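Working notes, structure below.
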Amino acid sequence: MPLASSDGFNTSYGFTYAEIVVVQQKYDGTQNYYANAYSGRLPASVPYTGTQDLSKAATTLAKNIESEPEPRGAYPSHTRRDRDNRAYTVSGRSAWYVKFQVIFPQAQSRGWNFRSETAVLILIDQGAGARPSTFFVSVPDSHPNGGDLQSLVASVRTR
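Note that the UniProt record's numbering gives residue 154 to position 154 of the sequence shown, counting from 1, and the numbers run on in steps of one.
Now the structure itself:
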């Protein structure tokens, strides 16, 4: 679904489309918690001049998303474990793949149905003069088989 221009994930991170599903209603007493997938363009706030910047730009954007504090941030208080950070290819284009896990030590005591979440950010070069495309997916461990995270990542394509 297209994101509203006022949506924080649109304005901060350049995402224009999203697919979300509730994994726990009112997990904190008021807000729902989601598994999600977003796509868009690298925001102007993250420097990028060409493929030599893929690693740094992808790592920066992933860190920005992961570390944004509540209430607007993507995650409640957590610790982070880096899982993968490497060159990648999407539809023959140079890309960068960042995978990390966020762990919620407070989850069990608060009755959440998830304890951690795995996220992947892919940044895809679109050629000279164009901002790279972004794909971000984040799936809590409450989903069996990790919500088939790797299948979703493998399905990413660009024109």
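Think of the CB as a built atom: it goes at the ideal place given N, C-alpha and C, for glycine as much as any other residue.
Note that the coordinates shown come from a computational prediction; the quantities given were computed from them, not determined experimentally.
Separation of residue j from residue i, as counted between CA atoms
i: residue 75; j: residue 17; result: 19 Å
i: residue 151; j: residue 115; result: 22 Å
i: residue 15; j: residue 37; result: 10 Å
i: residue 82; j: residue 57; result: 16 Å
i: residue 170; j: residue 98; result: Summary: the structure shown does not reach residue 170, with the chain confined to residues 1 through 159, and so no result is reported for it.
i: residue 106; j: residue 148; result: 25 Å
i: residue 41; j: residue 30; result: 31 Å
i: residue 131; j: residue 50; result: 9 Å
i: residue 39; j: residue 86; result: 19 Å
i: residue 43; j: residue 65; result: 12 Å
i: residue 88; j: residue 127; result: 15 Å
i: residue 103; j: residue 68; result: 15 Å
i: residue 111; j: residue 28; result: 9 Å
i: residue 167; j: residue 63; result: Past the boundaries of the shown model lies residue 167; the chain is included only from 1 to 159, so the question cannot be answered.
i: residue 120; j: residue 84; result: 9 Å
Coil, strand or helix - residue i by DSSP
i: residue 66; result: helix
i: residue 123; result: strand
i: residue 30; result: coil
i: residue 158; result: coil
i: residue 58; result: helix
Segment limits, beta strand (DSSP E) that includes residue i
i: residue 149; result: Per DSSP, residue 149 belongs to no beta strand (DSSP E); it is in the alpha helix (DSSP H), 149-154.
i: residue 15; result: 15-24
i: residue 160; result: For the chain, the structure presents residues 1 to 159; residue 160 sits outside this window and is missing.
i: residue 51; result: From DSSP, residue 51 is part of no beta strand (DSSP E); its letter is neither H nor E.
i: residue 85; result: 79-90
Cross-strand partners of residue i (DSSP beta bridge)
i: residue 36; result: 20 and 138
i: residue 115; result: For residue 115, which the question treats as bridged, DSSP gives no partner whatsoever.
i: residue 109; result: In the DSSP output, where bridge partners are listed per residue, residue 109 has none listed.
i: residue 41; result: 133
Any non-hydrogen atom of the ligand ATP within 7 Å of residue i CB
i: residue 23; result: This structure lacks the ligand ATP, and indeed carries no ligand of any kind.
Presumed contact (8 Å Cβ cut-off) between residue i and residue j, rounded CB distance
i: residue 158; j: residue 93; result: 6 Å
i: residue 182; j: residue 23; result: A query on residue 182 cannot be resolved here, the shown segment of the chain reaching from 1 to 159 and no further.
i: residue 35; j: residue 138; result: 7 Å
i: residue 125; j: residue 54; result: 6 Å
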